[in-house]
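Residues in the sequence shown are numbered consecutively from 126, following this note's numbering. Where is the CB? At the ideal position from N, CA and C, for every residue including glycine. Note that the structure is predicted; figures quoted are calculated from it, not measured. Note sheet for the following structure.
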Amino acid sequence: MDRAEIDIGTEATEPTPTAPALWEALREEAEAAAAGEPALRALLELAVLRHEALLPALASLLAGRLAEALMPAERLEVLVREAGADLVGFAVADLAATRRRDPAARGWLSPFLYYKGFHALAWHRVAHHLWNEGRQDLARYLQNRSSLVFGVDIHPAVPVGRGVFIDHATGVVVGETASIGNDVSILQGVTLGGTGKQRGDRHPKVRDGVLLSAGAKVLGNIIIGRGAKVGAGSVVLADVPPCATVAGVPARVVGWCRDAVPALAMDQSIPSTNQSSRY
């Protein structure tokens with residue numbers, strides 16, 4: 126059994142922790158880190174140890190990342206808290222996905238404190254909540270700030286499923302009428318964009334379990350089928366069948382379902398074959 130298969134099995138069978146269980150583990154790691162590195166104690170007290178639960182800690186952390194003179198952290202914290210239990214449920218699933226799929230993440234604390242893909246996605250979820258509540262001007266403000274701070278530009282109208290991992294996060298762009306399913310992995314430089322020629326419903330629909338490799342450009346009102354993999358640097362202009370691996374400019378089918386769920390395997394390699402085809 127190779128490493129990818131081990132990773133798939135671990136994530137597929139290991140239950141996502143409850144928010145209280147994750148919070149307890151996060152506090153334990155923070156206490157150990159503060160004891161081992163005194164220079165970080167003040168940061169860890171502010172970000173984790175002074176809080177009583179995950180939501181206020183997350184609100185404080187996220188607010189600190191986006192705060193500016195005209196939008197202070199206190200006001201941003203209120204917005205995060207208003208998203209409430211729904212945001213916590215998504216955040217737990219996203220943080221679990223990040224820890225399990227990134228071999229550099231050896232616990233809960235580092236992704237929670239430092240991973241801008243997790244932070245950008247959490248802020249998108251707040252903006253999406255506001256968008257659905259009719260507070261679209263404020264949602265657009267959060268989109269703009271997140272783009273400036275994190276290098277991730279996701280339109281607040283976009284629905285995003287649970288357990289999504291945005292790795293490295295720089296240069297990710299997702300257009301207004303796109304959608305992203307559950308258990309999707311997105312690497313740096315990915316675009317879910319329009320073709321530039323259409324109005325209305327014009328962006329990709331990414332189904333569950335899809336892996337979008339580094340630099341992939343997926344353009345137009347097309348469907349990336351469940352469990353598909355898009356190779357690094359590919360330009361995808363047509364629907365991708367479920368379980369297909371596509372690569373190239375323009376992208377072609379180059380393989381099928383080597384991993385049960387490509388997003389969990391995080392294997393960006395492309396099979397060697399001379400039998401690729403248009404799709």
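Between the alpha carbons of V335 and I311, how many angstroms are there, rounded? Going by the C-alpha atoms only, they are around 8 Å apart.
With 16 other Cβ atoms within 10 Å as the buried cut-off, status of T223: buried
Per-residue burial, T302 [other beta carbons within 10 Å of its own, 16 or more giving buried]: buried
CA-CA distance, L171 and G300? Straight-line Cα distance between these residues: approximately 35 Å.
For L195, which of helix, strand or coil comes out of DSSP? coil
Could you pull out every unbroken alpha helix (DSSP H) segment of at least 4 residues lying fully inside the stretch 342-402, listed in chain order? 387-390
Note down, in chain order, each residue of its chain lying with its Cβ closer than 8 Å to the Cβ of C368, except the 5 sequence neighbours on either side. G350, R351, G352, A353, W381 and C382
Under 8 Å by Cβ, that's how I've got L344 and V361 pegged, so tell me the actual separation to the nearest angstrom. 7 Å
Which stretch, first to last residue, makes up the beta strand (DSSP E) that contains L317? T316 to G318
Extract the residue ranges of the beta strand (DSSP E) inside the stretch 256-323, only unbroken runs of 3 or more that lie entirely within it. 277-279, 297-299 and 316-318
Comparing C-alpha positions only, which one of E258, G296 and E139 sits nearest to K241? The residue with the shortest Cα to Cα distance from K241 is G296.
With 16 other Cβ atoms within 10 Å as the buried cut-off, status of Q203: In the sequence as displayed, the identity of residue 203 is Val instead of Gln. Exposed: under 16 other Cβ atoms inside 10 Å.
Neighbourhood of L151 by C-beta, 7 Å cutoff - its chain only, sequence neighbours within 5 removed: V173, W233, L234 and F237
Which residues DSSP lists as bridging V405, in chain order: The requested residue 405 does not occur in the structure, where the chain is confined to residues 126 to 404.
Work out the CA separation of L169 and P163 for me, nearest whole Å. 10 Å
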